[in-house]
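Notes to accompany the following structure.
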Amino acid sequence: MIDTVGVSLGARSYAVRVGAGLLARAGAEIAPLLRRPRVAIVTDEAVARLHLGTLTAALDAAGIAHCALALPAGEATKGWPNLARATEWLLEARVERRDVVVALGGGVIGDLVGFSAAILRRGVRFVQVPTTLLAQVDSSVGGKTGINTPQGKNLVGAFHQPSLVLADIDVLGTLPARDFLSGYGEVVKYGLLGDAEFFDWLEVNGPALAAGDAALRHHAVRRSVEMKAGIVARDETEEGERALLNLGHTFCHALESATGYSDRLLHGEGVAIGCALAFEASQRLGLCSQEAPSRVRAHLRAMGMKVDIADIPGDLPDADGLMALMAQDKKVVDGRLRFILAHGIGQAFVAEDVPAPLVTEVLAQALRGR
C-alpha cells in the first residue's frame, strides 16, 4: 500500500508518497514532473552502494536518462566545499532551469542538494528520495535546505520546496540500528509536540517498530509526515507554529556543535536528549507535571536510545560553554533564545522568556551526571 500526504502550498503544493517499493518505481513516479526525460542524481557513497542501482534501473525502465554524483557520507559533507562541488557538477551536467535534480540519501544529502537546487540558476526543481527514517519523517518535507558552518548548524540555507517526496519504507531495512533509532528521535518529537495519542501508540509499538515491523513503520512515517505537512502548510517559513518542530533542537544543535558534528552524536540522538531536557526545563518552571519528563526518558530508555548528556562519549564544554553555543542558534530573536517547552505530552509551545540561569542549571545538572 502506498499513501499520499499532500503538502498544501498553493502553486508549490506537492505530494509525499509513503510506502514499500517506491524506489523500484521511482521512474514512473518522477516521469510526470519532467519536461524532458533526463535527471541528475546527487547521493552519497554509502547510499550509492545500497540504492543507486535500484533508482537508475527504475529510471531506465521509464526511459529517463540520468547522471549521478556520489559525495562522501557523513555530517561533515554538509558544508561549503561539497555545496560548491555539487553545484558546479550540476552546471557541468548542463542541468537547466526546467530540469529536475534528485536527492537520494538522508538528511545531509537532502539539505545540501535542496540548497544547491535553490541557488542553481536561481532555482531548479528537485525530488527528495529519503533513505533514512530521520529524512523520511522530517528533513525531506517542508523545504528547509542548507548547510552547516563553523558558527553553527543550518545557519546558511533557503526555503526551497521539493516537487515530490518518495519515502520508501523498504529502504529502512538497510539502516544500522543506531541510525534507525536516531531517526526515531524525530518520530517521538511529533508525539511530544502535538499528538499525545501518537506518543501513547509509540510507547506500545515502538519496540516492534524498531525490530522491523513494516506496517508499524509505515504508520509511524505517515503520521509524522501528516503532522509536519499540516504545520508547514499553515506556517511555511517559521513565523509561528512551525517553530514547534524545533522541540529539543536548541539543546541538540549546541550538543552537535560541541561534538564537532561527528558520529559521537547523531542528529536524532541529540533531538531525543534535547526533548528530555526541554521537558525537564518545563517541569522546573512548573509548566508540566513531574511525570512528563520521567515518561519521556522512560520511553527513550526502553527503545535503547541516548537519553541524557551523560550518554554522549568524550569531553564536552561546561554549561556556560553550551549556553554560548546556543547563542549562535538560528532561533535567536533580538538576542533572546526561543525554546520549545511543554505543558505536557503533546502540548508544546514557543517560549521566549525562559530564564537563562534556569537553562544553565538544567545543563549543569545534566553534565554532573556524566
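Counting in the working numbering, the sequence shown runs from 65 upward without gaps. Built from N, CA and C at the ideal position, the CB exists for glycine as well.
| Asked | Found |
| --- | --- |
| Would the segment 344-363 count as touching the segment 240-248 if we require 3 or more Cβ pairs under 8 Å? | no |
| Find out if the Cβ-Cβ distance for the pair residue 289, residue 205 is shorter than 8 Å. | yes |
| From residue 123 to residue 192, what distance separates their C-alpha atoms? | 15 Å |
| Taking Cβ to Cβ, would you say residue 271 is nearer than 8 Å to residue 231? | no |
| Starting from residue 101, trace the beta strand (DSSP E) in both directions and tell me its first and last residue. | Element bounds for residue 101: n/a, residue is neither H nor E. |
| When the distance is taken between beta carbons, is residue 87 closer than 8 Å to residue 118? | yes |
| Pair every Cβ in the segment 305-315 with every Cβ in the segment 265-279, then say whether three or more of these pairs are closer than 8 Å. | no |
| Does residue 363 pass the burial test, meaning 16 or more other C-beta atoms within 10 Å, or should it be called exposed? | buried |
| Which of helix, strand or coil does DSSP assign to residue 201? | helix |
| Once you ignore the five residues that flank residue 73 on each side, which residues in its own chain have a CB closer than 7 Å to its CB? | 225, 297, 300 |
| If you scan the segment 240-286 from start to end, which runs of the alpha helix (DSSP H) of 4 or more residues do you find wholly inside it? | 241-258, 260-275 |
| Taking the continuous alpha helix (DSSP H) assigned at residue 172, which residues delimit it? | 171-183 |
| Is residue 145 helix, strand or coil by DSSP? | helix |
| Provide the residue(s) that pair with residue 32 in DSSP beta bridges, ordered along the chain. | No statement about residue 32 is possible, as the shown extent of the chain runs from 65 to 434 and does not include it. |
| Would you report the Cα separation of residue 96 and residue 254, rounded to the nearest angstrom? | 32 Å |
| Which residues bound the beta strand (DSSP E) around residue 67? | 66-71 |
| Per DSSP, what are the beta-bridge partners of residue 415 in this structure? | 403 |
| May I ask you to list the residues that DSSP assigns as paired with residue 192? | 167, 229 |
| If you run the structure through DSSP and keep just helix, strand and coil, what is residue 81? | strand |
| Report buried or exposed for residue 203, applying the criterion of at least 16 other Cβ atoms within 10 angstroms of its Cβ. | buried |
| For residue 423 and residue 132, what's the separation of their Cα atoms in angstroms? | 46 Å |
| Beta-carbon within less than 8 Å of residue 109's beta-carbon, same chain only, minus the 5 sequence neighbours each way: which residues are those? | 134, 135, 136, 137 |
| Looking at C-alpha atoms only, which residue of 429, 319, 344 is the closest neighbour of residue 332? | 319 |
| I need the straight-line Cα distance from residue 383 to residue 188, nearest angstrom please. | 43 Å |
| Which residue or residues does DSSP assign as beta-bridge partners of residue 220? | 211 |
| Quick check on DSSP: helix, strand or coil for residue 297? | helix |
| Unbroken alpha helix (DSSP H) runs of length 4 or more, entirely within the segment 342-375: which are they? | 355-366 |
| By alpha-carbon positions, which one of 78, 77, 282, 140 ends up nearest to residue 326? | 140 |
| Contact criterion: CB-CB distance below 8 Å. Does residue 136 meet it with respect to chain D? | In the displayed structure, chain D is absent; only one protein chain is listed. |
| Could you tell me the distance, in whole angstroms, from the CA atom of residue 181 to the CA atom of residue 89? | 23 Å |
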